[in-house]
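Inspection log for the structure reproduced underneath, given as structure tokens.
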Amino acid sequence: LSGPDQSMAVAQHSLHAVLLPNQQVLVTGGIDGTDSAVRVAQVFNPLNDENREGLETNDPATKDPIFATVGTMQEGRALASATRLHQGHVLFAGGAGSPAASSMEIYNYETQQFEQVDIDTTMTDGGRSQHVGTLLGDGSVLLAGGVSDSSTNAPVVSADVIKIGSRSESGVWSASSLPVNGDMRAP
Numbered sequence: 056l057s058g059p060d061q062s063m064a065v066a067q068h069s070l071h072a073v074l075l076p077n078q079q080v081l082v083t084g085g086i087d088g089t090d091s092a093v094r095v096a097q098v099f100n101p102l103n104d105e106n107r108e109g110l111e112t113n114d115p116a117t118k119d120p121i122f123a124t125v126g127t128m129q130e131g132r133a134l135a136s137a138t139r140l141h142q143g144h145v146l147f148a149g150g151a152g153s154p155a156a157s158s159m160e161i162y163n164y165e166t167q168q169f170e171q172v173d174i175d176t177t178m179t180d181g182g183r184s185q186h187v188g189t190l191l192g193d194g195s196v197l198l199a200g201g202v203s204d205s206s207t208n209a210p211v212v213s214a215d216v217i218k219i220g221s222r223s224e225s226g227v228w229s230a231s232s233l234p235v236n237g238d239m240r241a242p
């Protein structure tokens, strides 16, 4: 890819790229050139790439940039998890810090906005970064491992299952955290 409309808005590393139901890719988070957490969110639209065979259009009115900015995260999130939920929304959890972030937010696929998640309980080890988030069959998300403090890289040996609840009219999601029995230490 080349050209001014095919560049990302922010140079960043340690970012997230999540495939959305419309085949666009949400690109956000990570760390920029000043070691700051990135808040800008963009979508990559592969269907507008003129170099792809069979997808070329000659109508300039239908051409969007390859990368388009779609909003701003509520918090810059580096080394967080990004998990696509069944409805196409994306849950962002945790992130680097001292201590690591324990907050969450959801990218609402339908509104293209980031929305707050109010969690009614505290996660087992507080915040975490460099962890994994995995969608479970019932729609909840397993958050496991990671570190609790980016300055010391103190490992987290616990896991939490996050149950996403309903969305209020004001765009705030409810959620609860259920600790997983046992820990992840090797026997």
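If you want my numbering, it's the position in the sequence shown, counting the first as 1, plus 55. A virtual CB, placed ideally from N, CA and C, is assigned to each residue, including glycine.
Check: Got a sec? Which residues, its chain only, sit under 6 Å from Arg139 by beta carbon, not counting five neighbours each side?; Outcome: Val73 and Val145
Check: Check Pro234 in the structure and name its three-state DSSP category.; Outcome: strand
Check: Excluding the five sequence neighbours on either side, which residues of its own chain have a C-beta within less than 7 Å of the C-beta of Asp87, listed in chain order?; Outcome: Val65, Ala66, Gln67 and Val93
Check: Please state the DSSP three-state secondary structure of Pro101.; Outcome: helix
Check: Excluding the 5 residues preceding and the 5 following Val227 in the sequence, name in chain order all residues of the same chain whose CB lies nearer than 7 Å to its CB.; Outcome: Glu170, Gln171 and Asp173
Check: Please work out which residues of its chain come closer than 8 Å, Cβ to Cβ, to Ala209, disregarding the five sequence neighbours upstream and downstream, and give them in chain order.; Outcome: Val202 and Ser203
Check: Using the beta-carbon count (16 or more within 10 Å), is Glu165 buried or exposed?; Outcome: exposed
Check: Check the DSSP bridge columns for Val65 and list the partner residues they point to.; Outcome: Paired residue(s): none; Val65 is not in a bridge.
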